[in-house]
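Residue numbers (the working numbering): 87 to 228.
Cβ coordinates follow ideal geometry from the N, Cα and C atoms, glycine included.
Being a predicted model, the structure only gives us computed values, none of them experimental.
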Amino acid sequence: ISYELRRGRNVLVVAHANTLRGLVKIIDGIGDDEIQDVAIPTGIPIVYKFDKDLSPIPTPKGDRQTASQIHMSGLFLEKPGLLKEALKREEEWASSVPGYDYTMGRFKRPYTSLERSLYKLEAERELGEWAGQFIDWSNIED
C-alpha cells in the first residue's frame with residue numbers, strides 16, 4: 087500500500103472489518119482502548135488523504151461533506167444519514183446473533199489471525215445451532 091501511495095497513486099483496499107480496523111489503528115495511531123470506539127460498517131468506503139510522508143491529512147471540520155468518527159482522520163463516502171443507519175443495522179444484527187457479544191468481546195486486545203479465525207468459527211457454529219431450531223428436519227431428504 088505504502089509503495090503505491092509514495093508514487094502518488096490511489097489505492098483501494100477491500101478487506102474484512104477487523105483488517106480495516108487494524109489499518110485505521112495504524113494510520114491514525116489509535117490506541118488499543120480507543121480502537122474499541124471505532125465502528126466500521128459494512129459497505130461504506132473510508133477515504134484517507136496522505137501527505138508526502140504518508141501521514142494522514144486531517145480534513146478541516148468546516149469542509150467535511152461526509153461523516154467521520156472520533157479518533158479517525160478518514161472520511162466515510164456516504165449519503166447523509168447512511169452511516170448512522172448502517173451502524174444501527176450492524177448493531178441490531180450483532181444483538182440478534184446469540185453469543186455474538188460474548189464471543190467477539192472476550193478480549194480487549196487485538197486478535198491474532200488464528201484467534202480471529204477460531205472465534206469466527208465458534209460464532210458460526212453457535213449461529214448454526216441457533217438457526218437449527220427453526221428448521222423442520224422431518225421435511226428434509228437425506
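Alpha helix (DSSP H) containing V110: first to last residue? Per DSSP, V110 belongs to the alpha helix (DSSP H) from 103 to 114.
For I132, count neighbouring Cβ atoms within 10 angstroms of its own Cβ and tell me buried if that reaches 16, exposed if not. By the neighbour-count rule (16 or more Cβ atoms within 10 Å), I132 is buried.
Can you look up I132 in the DSSP assignment and give me helix, strand or coil? strand
Does the Cβ-Cβ distance between I113 and P144 come in under 7 Å? no
Between T105 and E176, how many whole angstroms is the CB-CB distance? I'm expecting something under 8 Å. Their Cβ separation, rounded to whole angstroms, is 16 Å, which puts T105 and E176 out of contact at 8 Å.
So for L161, helix, strand or coil by DSSP? strand
List the whole-angstrom C-beta distance separating I250 from R107, where the pair is believed to meet the contact cut-off of C-beta under 8 Å. Since the first and last residues shown for the chain are 87 and 228, residue 250 lies out of range.
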